[in-house]
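Colleague:
Numbering (the working numbering), first residue to last: 979 to 1177.
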């Protein structure tokens, strides 16, 4: 047990968010099996309030990028608090989101709320958050890179993805291989004693 979990932790320590992707195609069965793993996540009353929309069509990804960049431009130039801009300055992020078009696959994760054909869900955000964590882990272990992108607001994603009103997008995840020569910010993670408390 100790060896298994130590090796797992070491592999996850190598995970990084990537913003520059190779356009090279990736096997869709890998993506589908990562989503199958994500769908095993626990959920309130086992309602499983998630939907994973896989985008590969270039025209749809282009529409996604343009709509996301319009929202992000407004956010970065008008709505973002100064403290947020300072917090992300080291990562070099701005309203430009070419990865939404370059990555061979984009997964849009939706929370499924109560609607005409859906039961009342419980602990939706918590349940979907756990599923997204499993998805990120599965993709990383498969050797793929990803990024959690959260444009605000996200209602435009319903139209682009053809989803009903009771579904609400919560995260957009470009998926693929890192571009050749890609770099990532030299960010550190808190050491274990700062995040673990024994009582």
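The C-beta atom is built at its ideal place from N, Cα and C for all residues, glycine as well. The structure displayed is predicted, hence computed values, not measured ones.
(1) Using a Cβ-Cβ cut-off of 6 Å (strictly less than) and excluding sequence neighbours within five positions of residue 1099, which residues of its own chain qualify?
(2) Enumerate, from N- to C-terminal direction, the unbroken beta strand (DSSP E) stretches of 3 or more residues contained entirely within the region 1045–1102.
(3) Inspect the beta-carbon positions of residue 1150 and residue 1016 and report whether they are closer than 7 Å.
(4) Assuming contact is defined by CB atoms lying nearer than 7 Å, are residue 1155 and residue 1000 in contact in what I supplied?
(5) Within 10 angstroms of its Cβ, does residue 1030 collect 16 or more other Cβ (buried), or is it exposed?
(6) Given residue 1162, which residues of its chain have a CB within under 6 Å of its CB, disregarding the five upstream and five downstream residues?
(7) Specify the secondary structure class of residue 1127 as computed by DSSP and reduced to three states.
(8) Distance check for residue 1124 and residue 1169, CA to CA, integer angstroms please.
(9) Which stretch, first to last residue, makes up the alpha helix (DSSP H) that contains residue 1135?
(10) Are at least three pairs of beta-carbons, each pair with one atom in the region 984–994 and one in the region 1062–1075, less than 8 Å apart?
(11) Candidates 1134, 1089, 1084, 1146: which alpha carbon is nearest residue 1117's?
(12) Determine the direct distance from the alpha carbon of residue 1066 to that of residue 1033, and round the result to whole angstroms.
Modeller: Answer, in terms of the structure:
(1) 1025, 1027
(2) 1083–1090
(3) no
(4) yes
(5) buried
(6) 994
(7) strand
(8) 23 Å
(9) 1134–1139
(10) no
(11) 1084
(12) 27 Å
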